[in-house]
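First residue of the sequence shown? That's 1 in the UniProt record's numbering, and the numbers climb one at a time after it.
Yeah, the Cβ is synthetic: ideal placement off N, Cα and C, and Gly gets one too.
Predicted model, so just to flag it, every value in this text is computed and none were measured.
Please read the structure below before turning to the comments.
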Amino acid sequence: MKTLDGTVVNRTQREPDTSVTVSIVRTVAEEKGVVPAELPVLSDVVDPEALDDLVTDVDRDDRTGVRVSFQYCGYTVIVTADSVTLLSD
Numbered sequence: 001m002k003t004l005d006g007t008v009v010n011r012t013q014r015e016p017d018t019s020v021t022v023s024i025v026r027t028v029a030e031e032k033g034v035v036p037a038e039l040p041v042l043s044d045v046v047d048p049e050a051l052d053d054l055v056t057d058v059d060r061d062d063r064t065g066v067r068v069s070f071q072y073c074g075y076t077v078i079v080t081a082d083s084v085t086l087l088s089d
């Protein structure tokens with residue numbers, strides 16, 4: 001699927017019991033065909049604790065509008081409360 005930002009190469013629904021950062025690393029590793037340990041450290045590009053808090057904060061009334069995007073391992077990563085999407089140019 002082509003978007004204004006790039007081509008969607010992977011869209012994964014997040015499991016409620018899995019942290020956002022683990023979901024991101026697993027999704028990127030799957031797309032690249034490597035094990036997660038072979039990827040660069042995610043904390044070099046984003047604060048994992050802040051990202052987890054922002055996207056999964058149960059005290060927020062409405063998390064559906066939260067959307068965070070950043071570059072990681074050659075992809076634009078878009079994170080919402082329920083999914084991780086990878087875009088390539």
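query = Is the CB-CB distance between T12 and S83 below 8 Å?
reply = The residue labelled residue 12 in the question sits at position 12 within the sequence shown. The residue labelled residue 83 in the question sits at position 83 within the sequence shown. Yes; because the gap between Cβ atoms is below 8 Å, this pair is in contact.
ask   = How long is the line joining the alpha carbons of P40 and V25, rounded to whole angstroms?
value = By 1-based counting over the sequence shown, the position of residue 40 is 40. By 1-based counting over the sequence shown, the position of residue 25 is 25. Distance between the alpha carbons of P40 and V25: 9 Å.
key: Cα-Cα separation, Y75 to S19   = Residue 75 sits at position 75 when you count from the first residue of the sequence shown. Residue 19 sits at position 19 when you count from the first residue of the sequence shown. About 20 Å.
ask   = Within this structure, are the beta carbons of V55 and A81 separated by less than 8 Å?
value = Locating residue 55 in the sequence shown gives position 55, where the first residue counts as 1. Locating residue 81 in the sequence shown gives position 81, where the first residue counts as 1. Result yes, Cβ atoms of V55 and A81 sit closer than 8 Å.
message = To the nearest angstrom, how far is the alpha carbon of D52 from that of V8?
response = As a first step, residue 52 is located in the sequence shown; it is residue number 52 there, counting from the start. As a first step, residue 8 is located in the sequence shown; it is residue number 8 there, counting from the start. Spanning the two alpha carbons is a distance of roughly 23 Å.
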